[in-house]
Amino acid sequence: MRNLFTSLKTLGIGAAFALLAFGHAAEAANPMELNFGLFGPKYDGRVAECEKALGTITSQFHEKESTFWNSPLTITSYGRIHEIAFRPWQSDNIPRRYCSADVMTSDGRLRTVHYSIIEDGGFAGFGQGVEWCVTGLDRNWAYNPGCKSARP
571 MRNLFTSLKT
581 LGIGAAFALL
591 AFGHAAEAAN
601 PMELNFGLFG
611 PKYDGRVAEC
621 EKALGTITSQ
631 FHEKESTFWN
641 SPLTITSYGR
651 IHEIAFRPWQ
661 SDNIPRRYCS
671 ADVMTSDGRL
681 RTVHYSIIED
691 GGFAGFGQGV
701 EWCVTGLDRN
711 WAYNPGCKSA
721 RP
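Each residue of the sequence shown is one higher than the last, beginning at 571 in the working numbering.
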């Protein structure tokens, strides 16, 4: 058994030396390798209206509250849904639509939800993604203070 480990060690050092001694020298990339498949993002700016994200927010809110916070809290209704901004930064950034709405939660309290709909922001860049924050229920402080980071 001891001879096996000694021979493997010697073989490993010899193989590494052979690769270094007989390998090709590093070369610069040719023009085809430099730009092949490296095209910039082509955003269309087609982002859904504010109302289209409400179902996603409702289901994600219920999942977050029940799974992570062991809370029966759910969103029961929405009101005053309005757009805050659309593409508030330079035109070559990822298009986003920022919205706000009033939400009634199952505990009877009226709160505000701030959210953005992001082009190509879904799972692995497919579809539109939604980022949201319910004021007063940002328990992990992801958008603190007062969901300010969820707004433009």
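We put the CB at the ideal spot given by N, CA and C, even for glycine. All figures in this text were calculated on a predicted structure; none of them were measured in a lab.
Per-residue burial, residue i [other beta carbons within 10 Å of its own, 16 or more giving buried]
| i | result |
| --- | --- |
| R667 | buried |
| L624 | buried |
| T675 | buried |
| W702 | buried |
| V704 | buried |
| A596 | exposed |
| A599 | exposed |
Proximity winner among the options, relative to residue i (alpha-carbon distances)
| i | options | result |
| --- | --- | --- |
| K634 | S719, R721 and A712 | A712 |
| W659 | D708, A596, A599 and G615 | G615 |
| D672 | G699, G706, A655 and P642 | G706 |
| A655 | T646, S647, R709 and H684 | H684 |
| K725 | P715, C717, E653 and S636 | This structure leaves residue 725 out entirely; the chain is present only between 571 and 722. |
| N640 | S719, R709, C717 and F696 | R709 |
Integer Cβ distance of residue i from residue j, believed to fall under 8 Å
| i | j | result |
| --- | --- | --- |
| Y613 | I664 | 6 Å |
| C669 | I645 | 15 Å between Cβ atoms; not a contact. |
Closer than 7 Å: residue i CB and nearest the ligand HEM heavy atom
| i | result |
| --- | --- |
| E701 | Only the bare structure without any ligand can be found here, which leaves the ligand HEM out of the picture. |
First through last residue of the beta strand (DSSP E) which encompasses residue i
| i | result |
| --- | --- |
| G649 | I645 to F656 |
| G625 | G625 -> not in any beta strand (DSSP E); alpha helix (DSSP H) instead, spanning L624 to F638. |
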